[in-house]
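Trainee: Got a structure here, written out as structure tokens. Questions coming.
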Amino acid sequence: MIRSSKTESTLKEPIPWKLNRCRIVHPENQSLIDDGLAVYFKAPYSYTKLPTLELHVHSGRAIIASLLTSLSTIPLLRPAEPGEFTKQALLGGRLDLTQVEGLHDLIEADTEVQRIWALEGALGTTRSKYDDLRQKVIHCLAQVEALIDFGEGEEIEEAKIEATSLLEQLKEHLNDHRRGELVRSGIRMAIFGPPNAGKSSLFNYFANRDASIVTSIPGTTRDVLELTLDIGGLPIIVADTAGLRETEDIVESIGVERGMQTAKGADVKLCVLPLPDVLDPSSTPDKTIINIPEAVAPLLTQDSHILLNKSDLVPSINMTTVSIKNVPGLDLTGRVWAGSVSNGTGMAAFTESFSSSIKISLGIETGSGGADARIHAPLITRERHRVHLEAACRFLEAFLSYGPDDVVFAAEELRYAAQAIGRVTGDILADDILDAVFRDFCIGK
Numbered sequence: 001m002i003r004s005s006k007t008e009s010t011l012k013e014p015i016p017w018k019l020n021r022c023r024i025v026h027p028e029n030q031s032l033i034d035d036g037l038a039v040y041f042k043a044p045y046s047y048t049k050l051p052t053l054e055l056h057v058h059s060g061r062a063i064i065a066s067l068l069t070s071l072s073t074i075p076l077l078r079p080a081e082p083g084e085f086t087k088q089a090l091l092g093g094r095l096d097l098t099q100v101e102g103l104h105d106l107i108e109a110d111t112e113v114q115r116i117w118a119l120e121g122a123l124g125t126t127r128s129k130y131d132d133l134r135q136k137v138i139h140c141l142a143q144v145e146a147l148i149d150f151g152e153g154e155e156i157e158e159a160k161i162e163a164t165s166l167l168e169q170l171k172e173h174l175n176d177h178r179r180g181e182l183v184r185s186g187i188r189m190a191i192f193g194p195p196n197a198g199k200s201s202l203f204n205y206f207a208n209r210d211a212s213i214v215t216s217i218p219g220t221t222r223d224v225l226e227l228t229l230d231i232g233g234l235p236i237i238v239a240d241t242a243g244l245r246e247t248e249d250i251v252e253s254i255g256v257e258r259g260m261q262t263a264k265g266a267d268v269k270l271c272v273l274p275l276p277d278v279l280d281p282s283s284t285p286d287k288t289i290i291n292i293p294e295a296v297a298p299l300l301t302q303d304s305h306i307l308l309n310k311s312d313l314v315p316s317i318n319m320t321t322v323s324i325k326n327v328p329g330l331d332l333t334g335r336v337w338a339g340s341v342s343n344g345t346g347m348a349a350f351t352e353s354f355s356s357s358i359k360i361s362l363g364i365e366t367g368s369g370g371a372d373a374r375i376h377a378p379l380i381t382r383e384r385h386r387v388h389l390e391a392a393c394r395f396l397e398a399f400l401s402y403g404p405d406d407v408v409f410a411a412e413e414l415r416y417a418a419q420a421i422g423r424v425t426g427d428i429l430a431d432d433i434l435d436a437v438f439r440d441f442c443i444g445k
């Protein structure tokens with residue numbers, strides 16, 4: 001199958017971990033397939049810990065097809081199943097389950113934040129964090145076991161102090177707004193507001209193309225239009241919704257209702273208002289006062305964001321102090337911007353500040369933005385992580401409920417807690433977990 005590029009003798013044992021120039025020939029008729037390179041990874045120093053040979057050939061379709069056909073004639077050789085190389089690396093101890101998941105997320109990453117977080121998993125940083133949590137449980141267990149074996153009663157109190165601290169730590173990770181799952185699957189954002197506010201224009205601005213129809217006729221958008229976009233490195237599922245107003249048009253009223261439901265269920269709410277229409281006459285150079293349309297007001301919450309569009313149609317306004325006149329108690333300080341989608345005025349600054357606000361509100365980023373920003377990867381990136389950590393919390397709470405006379409049962413609860421955390425990293429594996437993890441892996445990885 002592989003011959004030296006210098007001689008006709010078969011290259012049986014290539015120099016390991018080195019690119020070897022070679023001729024690749026058909027194993028039966030010895031016809032030349034390509035002149036390429038081969039890299040031999042000697043066990044156990046390969047990705048799978050098994051002897052592995054990589055062939056580097058030219059990328060023509062005919063070459064690839066001929067090579068695969070030739071390989072299929074070799075006895076006991078078969079194509080790898082999706083994710084089989086990585087599955088072998090997991091079973092061989094090269095990777096743990098969080099690294100496998102991180103590798104999959106890295107391959108699927110579309111945005112910068114997804115890439116950064118996936119690397120945390122793929123490189124083993126997440127694994128180290130889970131191992132540290134598990135070791136803390138095991139340390140508590142060792143103290144309780146010492147009490148069982150040697151009858152020294154102080155150990156359980158010390159173990160309870162450590163377990164209480166660990167329980168608080170786990171609950172803090174669980175109370176993370178599900179940011180890990182959100183960034184993996186996409187953050188749902190609704191653009192809403194009155195008709196002709198510029199919602200569809202903003203949707204097209206984010207998409208960098210004419211994805212939504214824009215006209216001067218109120219009620220043009222009658223349904224929810226969604227696109228997954230990269231905004232500030234975040235995967236955002238942006239929904240353009242129908243303008244909110246009272247209407248007798250049956251079709252438009254259905255669109256308005258769908259838009260309201262979309263806005264209510266969104267992770268991020270962005271309200272677009274036409275500045276010339278909502279700017280209160282009592283506004284001064286020192287203070288901007290905004291009147292929220294009646295149909296829009298019920299959807300505004302403390303975590304909403306507002307873009308005052310069409311700022312080019314009004315005199316310069318002060319955005320330092322913005323007051324919402326007709327929604328009592330609503331404080332959107334730092335989450336109200338002015339700009340013009342039509343001519344781009346202020347839009348670059350809006351996009352940067354808006355994406356930073358999302359990151360901070362979801363706990364993705366800390367700092368004041370820009371050079372001071374820090375991206376923090378979550379410990380939990382999948383629902384199965386959350387399920388196992390919630391189970392660990394229940395076992396720790398059960399341990400803390402036992403008194404000194406029930407140390408045997410208390411020790412069992414700690415053992416269960418350690419096992420629950422171990423299931424996250426794959427220290428305790430089940431076939432259904434493996435099937436779920438490798439179901440979406442690409443062929444050849």
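Take the sequence shown: its letter number 269 is residue 269 in my numbering, and every next letter is one higher.
Glycine included, every Cβ here is placed at the ideal spot set by N, Cα and C.
1) For Phe453 versus Val238, is the C-beta spacing smaller than 8 Å?
2) Following the continuous alpha helix (DSSP H) through Val57, name the residue where it begins and the one where it ends.
3) Given a threshold of 16 other Cβ atoms within 10 Å of its Cβ, counted over all protein chains shown, does Thr7 qualify as buried or as exposed?
4) Specify whether the segment 67-74 and the segment 83-103 touch according to this definition: at least 3 beta carbon pairs, one from each stretch, less than 8 Å apart.
5) Give the straight-line distance between the Cα atoms of Gln99 and Gly334, rounded to the nearest whole angstrom.
6) For Tyr40, collect the residues of the same chain with a Cβ closer than 6 Å to its Cβ; drop the 5 residues on either side in sequence, then sort them by chain order.
7) Given a threshold of 16 other Cβ atoms within 10 Å of its Cβ, counted over all protein chains shown, does Asp372 qualify as buried or as exposed?
8) Quick check on DSSP: helix, strand or coil for Ile138?
9) Taking all protein chains shown into account, do 16 or more other C-beta atoms lie within 10 angstroms of the C-beta of Tyr45, making it buried, or fewer, making it exposed?
10) Over what stretch of residues does the alpha helix (DSSP H) that includes Tyr205 continue unbroken?
11) Using the Cα positions of Gly426 and Leu97, report the straight-line distance between them to the nearest angstrom.
12) Taking DSSP as the reference, what is the three-state secondary structure of Asp372?
13) According to DSSP, simplified to helix, strand and coil, what is Val214?
14) Can you list, in chain order, the residues of its chain with a C-beta nearer than 6 Å to that of Leu166? Leave out the 5 residues immediately preceding and following it.
15) What is the residue span of the alpha helix (DSSP H) that Thr262 lies within?
16) Is Ser340 buried or exposed, if buried means 16 or more other CB atoms sit within 10 Å of its CB?
17) Quick one: give me the first and last residue of the alpha helix (DSSP H) that Asp105 is part of.
18) Looking at C-beta atoms only, is the number of pairs between the segment 227-236 and the segment 195-209 that lie closer than 8 Å three or more?
19) What's the gap between the Cα of Arg415 and the Cα of Ser353?
20) Distance check for Lys129 and His177, CA to CA, integer angstroms please.
21) Would you decide whether Ile58 is buried or exposed? Buried here means 16 or more other CB atoms lie within 10 Å of its CB.
22) When the Cα of Ala297 is compared with those of His173, Leu244, Leu55, which residue comes out closest?
23) Between the beta-carbon of Pro273 and the beta-carbon of Ala377, is there less than 8 Å?
24) Buried or exposed: where does Arg61 fall if 16 or more other Cβ atoms within 10 Å of its Cβ makes it buried?
25) Out of Tyr47, Arg23, Gln30, which has the shortest C-alpha to C-alpha gap to Gly36?
Mentor: Taking the structure as given:
1) Nothing can be reported for residue 453, as the shown portion of the chain is limited to 1 through 445.
2) Here residue 57 corresponds to residue number 57 of the sequence shown, with the count starting at 1. Taken as a continuous stretch (DSSP letters only), Val57 belongs to no alpha helix (DSSP H), as it is neither H nor E.
3) Locating residue 7 in the sequence shown gives position 7, counting from the first residue. At Thr7, the pLDDT of 47 sits below 50, so the modelled position is not reliable and the matter cannot be decided from this model.
4) The segment 83-103 and the segment 67-74 do not touch, with fewer than three beta-carbon pairs separated by less than 8 Å.
5) Counting from one through the sequence shown, the residue named residue 99 turns up at place 99. Counting from one through the sequence shown, the residue named residue 334 turns up at place 334. If you take the alpha carbons of Gln99 and Gly334, they lie about 38 Å apart.
6) Along the sequence shown, one-based indexing puts residue 40 at 40. Within the same chain, Tyr40 has close Cβ partners Pro14, Pro16, Leu53.
7) As a first step, residue 372 is located in the sequence shown; it is residue number 372 there, counting from the start. For Asp372, the predicted model reports a pLDDT of 46, less than 50, meaning its position is unreliable and no value from the coordinates is stated.
8) Taking the sequence shown and counting its residues from 1, one reaches residue 138 at position 138. Correct three-state label for Ile138: helix.
9) As a position in the sequence shown, residue 45 is number 45, starting the count at 1. Flag for Tyr45 reads exposed.
10) In the sequence shown, counting from the first residue as 1, residue 205 sits at position 205. Start and end: 199-207.
11) Here residue 426 refers to the residue found at position 426 of the sequence shown. Here residue 97 refers to the residue found at position 97 of the sequence shown. When rounded, the distance between both Cα atoms is 5 Å.
12) Residue numbering aside, residue 372 sits at position 372 when the sequence shown is read from its first letter. For Asp372, the pLDDT reaches just 46, beneath the cut-off of 50, and the residue's location in the model is therefore unreliable, leaving the point undetermined.
13) Counting from 1 along the sequence shown, the entry for residue 214 is found at position 214. Note: Val214 maps to coil in three-state DSSP.
14) Translated into the one-based positions of the sequence shown, residue 166 becomes position 166. Within the same chain, Leu166 has close Cβ partners Lys136.
15) For this step, residue 262 is matched to residue 262 along the sequence shown. Here the alpha helix (DSSP H) through Thr262 covers 250-265.
16) As a working note, residue 340 is residue 340 in the sequence shown. Ser340 is buried by the Cβ-count criterion.
17) Numbered from its first residue, the sequence shown carries residue 105 at position 105. Taken as a continuous stretch (DSSP letters only), the alpha helix (DSSP H) holding Asp105 covers 97-108.
18) yes
19) In the sequence shown, residue 415 corresponds to position 415, counting from 1. In the sequence shown, residue 353 corresponds to position 353, counting from 1. Near 47 Å, if we compare the C-alpha coordinates of Ser353 and Arg415.
20) Position 177 of the sequence shown, counted from the start, is the residue given in the question as residue 177. Position 129 of the sequence shown, counted from the start, is the residue given in the question as residue 129. Whole-angstrom Cα-Cα distance: 19 Å.
21) Numbered from 1 along the sequence shown, position 58 holds the residue referred to as residue 58. Per the sequence shown, residue 58 should be read as His rather than Ile. The residue is exposed, with fewer than 16 neighbouring Cβ atoms inside 10 Å.
22) Position 297 of the sequence shown, counted from the start, is the residue given in the question as residue 297. It is Leu244.
23) In the sequence shown, the residue the question calls residue 273 occupies position 273. In the sequence shown, the residue the question calls residue 377 occupies position 377. Note that residue 273 is Leu in the sequence shown here, rather than Pro. Contact flag unset, no.
24) If you number the sequence shown from 1, residue 61 lands on position 61. By the 10 Å Cβ count, Arg61 comes out exposed.
25) Position 36 of the sequence shown, counting from 1, holds the residue named residue 36. When only C-alpha atoms are compared, the closest one is Arg23.
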